[in-house]
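A short write-up of the structure that comes next.
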Amino acid sequence: MAVPLAALAFAVGCTGDAPKQAIAAPAAAEAPALISEQVFSVGYSRIAEAYLQPVDLRQLGTDGLKALATIDPGISVVRDKDSVRLYVSGASAFEAPAPKPGDAAGWANLTVRAVERARLHSVALRAAPAERIYQTVFDAVVGGLDGFSRYTGAQRATGERAQREGYGGVGLALRSSGDRLLVSESHGPSERAGIRPGDVLLAVDGAAAGADESAVAERLRGPTGTLVLLTVGRDGQSPRRLPVRRERVIPNTVASTVTAHAALIKVERFNAGTVANLREAVLNARAALGPAAHGIVLDLRGNPGGLLDQAVAVADLFIRRGRIITTEGRHPDSRQRFEAAPDDVADGLPLVVLVDARTASSAEVVAAALQDSGRAVVVGSASYGKGSVQTVTRLPNDGELFLTWSRIYTPAGYSLHRQGVQPMVCTSVDGRAADSLVEELRSGGARPHAVQLAGWRAQASNDETALTRLREACPWKEHGAELDVDVAKRLLAEPQLYQRAVALATSSAVAER
Numbered sequence: 062m063a064v065p066l067a068a069l070a071f072a073v074g075c076t077g078d079a080p081k082q083a084i085a086a087p088a089a090a091e092a093p094a095l096i097s098e099q100v101f102s103v104g105y106s107r108i109a110e111a112y113l114q115p116v117d118l119r120q121l122g123t124d125g126l127k128a129l130a131t132i133d134p135g136i137s138v139v140r141d142k143d144s145v146r147l148y149v150s151g152a153s154a155f156e157a158p159a160p161k162p163g164d165a166a167g168w169a170n171l172t173v174r175a176v177e178r179a180r181l182h183s184v185a186l187r188a189a190p191a192e193r194i195y196q197t198v199f200d201a202v203v204g205g206l207d208g209f210s211r212y213t214g215a216q217r218a219t220g221e222r223a224q225r226e227g228y229g230g231v232g233l234a235l236r237s238s239g240d241r242l243l244v245s246e247s248h249g250p251s252e253r254a255g256i257r258p259g260d261v262l263l264a265v266d267g268a269a270a271g272a273d274e275s276a277v278a279e280r281l282r283g284p285t286g287t288l289v290l291l292t293v294g295r296d297g298q299s300p301r302r303l304p305v306r307r308e309r310v311i312p313n314t315v316a317s318t319v320t321a322h323a324a325l326i327k328v329e330r331f332n333a334g335t336v337a338n339l340r341e342a343v344l345n346a347r348a349a350l351g352p353a354a355h356g357i358v359l360d361l362r363g364n365p366g367g368l369l370d371q372a373v374a375v376a377d378l379f380i381r382r383g384r385i386i387t388t389e390g391r392h393p394d395s396r397q398r399f400e401a402a403p404d405d406v407a408d409g410l411p412l413v414v415l416v417d418a419r420t421a422s423s424a425e426v427v428a429a430a431l432q433d434s435g436r437a438v439v440v441g442s443a444s445y446g447k448g449s450v451q452t453v454t455r456l457p458n459d460g461e462l463f464l465t466w467s468r469i470y471t472p473a474g475y476s477l478h479r480q481g482v483q484p485m486v487c488t489s490v491d492g493r494a495a496d497s498l499v500e501e502l503r504s505g506g507a508r509p510h511a512v513q514l515a516g517w518r519a520q521a522s523n524d525e526t527a528l529t530r531l532r533e534a535c536p537w538k539e540h541g542a543e544l545d546v547d548v549a550k551r552l553l554a555e556p557q558l559y560q561r562a563v564a565l566a567t568s569s570a571v572a573e574r
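Structural data, given as structure tokens:
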């Protein structure tokens, strides 16, 4: 199963006792939007079985109910050993026996009954859409887990799935130019229909396109196999009306630039098409560079992550043998070992990977695997340190629940969690120029630093002081994006220097095994 890695959750709630008098329901209450017990049942069940650590649904379920106070501050919830009580404006609105700590179905049922009763007495809660209630409750529930588990509502989840897995579309990228929309890229069905960059999109299904990119993008999407009629023009030519059949479109997350002796390949994030697009970019770069090639710069700066299976496959594109990563969690399916297959799309060309403080999760997996295996030199600043895997559950309301279910361990055996990837050539300290950084590596001055990093990293999982020193060794500071690229190209231009950096990285990794 493809498991995206992601981040963001927070908890809200209130506490306090309240008097136990009963209150009468309003005589004429509006009909509230229906709340699905199945949504909570699926979500709570998945939390109980898959989360990294055992959970107490009594605490999480109570936190979810308490969060209703963010919709109506008059709502309060009290749980004792045997019961759960909900109050509205100080008066009792709901009371029921507390289900057992692992009873997901029981807590789902109690949550829905409590919300329904509270709505009888709370105007604000009665007016709240069902999706706002799901978001409010689940935000509080996952907020009691960790910073990377989260709930995503149906609308946002649909957009995120499209970015990860693709969507029904025509393969057009558009940009505004005054009051017109110009085609900036054309792939797949639109390219086969004869639409080219520079064309003007005039109409979609006969309705004027206008200049709103996002609105037109939504009109271009639809079920795969369906037809959309596009009217396009070009200066000096008559408009053309072209029927285009929608296909599954996966956004391209890879961009490549070829210079005289090296290819700079940028990967923005990891989605279902990243491996195929990267393979194509590397092969095209090799063909363009020919025998003049010094190597490849793989730019993962600012890459927030994405699909784990794509990250593993990206590392496997370059590594001929050995471990890529290991994952460990509570659920049996979360314990995995990923090994490299015996091929290398770059055919051994030297490889430098660029990282920074915004390089996270899947991108860190790639950087760590390539560095630990001796396949690449990592340049830049320490990465973010998100060393966990989230499993994604699609809920009955089309929302998604992201749950941390395993930790990631590199080939050297250290956890990426909080530690991140430490570059072998740090460009973010002391305002040093490329000449100084390269000279330190050439003279052997970087070796003591590499040994020190290995020592801190070996202790960091159990020693906060060592972790702090590790993170402070190469923190991100503003230093200009071109410095990283300049250092990378110099390494690629000097094979002996490049090999010295690789040797430092691998000796450090071996010391930790």
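Going by the numbering used here, the sequence shown opens with residue 62, and the numbers climb by one from there. Even glycine gets a Cβ: it sits at the ideal position worked out from N, Cα and C.
Nearest-angstrom Cβ-Cβ length linking residue 367 and residue 399, presumed shorter than 8 Å:
16 Å between Cβ atoms; not a contact.
Consult DSSP for residue 320 and reduce its assignment to one of helix, strand or coil.
coil
Which of helix, strand or coil DSSP assigns to residue 116:
Correct three-state label for residue 116: coil.
Within the chosen definition, does the region 513-525 reach the region 426-435 through at least 3 CB pairs nearer than 8 Å?
no
Label residue 523 either buried or exposed according to how many other C-beta atoms from any shown protein chain fall within 10 Å of its C-beta, with 16 as the threshold for buried.
With fewer than 16 other Cβ atoms within 10 Å, it is exposed.
Backbone CA spacing between residue 241 and residue 262 [nearest angstrom]
One C-alpha to the other measures close to 8 Å.
In whole angstroms, what separates the C-alpha of residue 423 from that of residue 376?
10 Å
State the CB to CB distance for the pair residue 157 and residue 144, rounded to an integer number of angstroms; the pair is presumed to be in contact (CB under 8 Å).
7 Å
Contained beta strand (DSSP E) runs [length at least 3] in the region 384-450, N- to C-terminal order:
384-389, 397-400, 412-416, 438-441
Cutoff 6 Å; reference residue 390; Cβ partners in own chain excluding five residues on either side:
113, 466, 467
Within 10 angstroms of its Cβ, does residue 412 collect 16 or more other Cβ (buried), or is it exposed?
buried
With DSSP as the reference, label residue 209 as helix, strand or coil.
coil
In terms of residue numbering, what span does the alpha helix (DSSP H) encompassing residue 466 cover?
Here residue 466 belongs to no alpha helix (DSSP H); instead the beta strand (DSSP E) covers 461-470.
8 Å contact criterion, which residue 483 and residue 443 should meet: CB distance rounded:
6 Å
So, under 8 Å CB-CB, residue 132 and residue 189 are touching, yes? Tell me the CB distance rounded to an integer number of Å.
Between residue 132 and residue 189 a beta carbon distance of about 5 Å is seen, short of the 8 Å cut, so the two are scored as contacting.
I'd like to know whether the C-beta atoms of residue 360 and residue 281 end up nearer to each other than 8 Å.
no
Check the DSSP bridge columns for residue 246 and list the partner residues they point to.
234
Quick one: what's got a C-beta closer than 8 Å to residue 84's C-beta in the same chain, skipping five residues either side?
With a pLDDT of only 38 at residue 84, under the threshold of 50, the placement of this residue in the model should not be trusted, and no figure is reported.
Looking at the secondary structure, which residues open and close the alpha helix (DSSP H) in which residue 223 lies?
Looking at the DSSP string, the run of the alpha helix (DSSP H) that includes residue 223 is 215-226.
Looking at the unbroken beta strand (DSSP E) that takes in residue 308, where does it start and where does it end?
DSSP places residue 308 inside the beta strand (DSSP E), whose first and last residues are 308-310.
With the cut-off set at 8 Å, would you say residue 472 and residue 419 are in Cβ contact?
no
Limits of the alpha helix (DSSP H) - the one that residue 504 falls within:
495-504
Assign residue 128 to one of three DSSP states: helix, strand, or coil.
helix
Mind checking whether residue 333 and residue 252 have CB atoms under 8 Å apart?
no
Where the alpha helix (DSSP H) through residue 528 begins and ends
525-534
Select from 228, 486, 102 the residue whose C-alpha is nearest the C-alpha of residue 174.
102
Suppose contacts are defined by Cβ-Cβ distances below 8 Å. Is residue 326 in contact with residue 407 by that definition?
no
Between the CA atoms of residue 536 and residue 493 - distance to the nearest angstrom:
Cα to Cα, residue 493 sits roughly 14 Å from residue 536.
For my contact list, residue 171 and residue 122 are in at a C-beta cut-off of 8 Å; report their separation, rounded to the angstrom.
7 Å
Where does residue 559 fall in DSSP's three states?
helix
For residue 326, write down the residues that DSSP places opposite it in a beta bridge.
317, 359
Beta-carbon proximity check, residue 379 vs residue 436, cutoff 8 Å
yes
So the candidates are 202, 169, 555, 135; which of them puts its Cα closest to the Cα of residue 116?
202
On the three-pair Cβ rule with 8 Å, is the region 442-460 touching the region 202-215?
Contact between the region 442-460 and the region 202-215 is present: three or more C-beta pairs spanning the two stretches fall below 8 Å.
Between the region 534-553 and the region 491-505, can you find at least three pairs of beta-carbon atoms closer than 8 Å?
yes
Can you tell me the Cβ-Cβ gap for residue 474 and residue 195, rounded? I've got them flagged as a contact below 8 Å.
About 40 Å separates the two Cβ atoms, so there is no contact after all.
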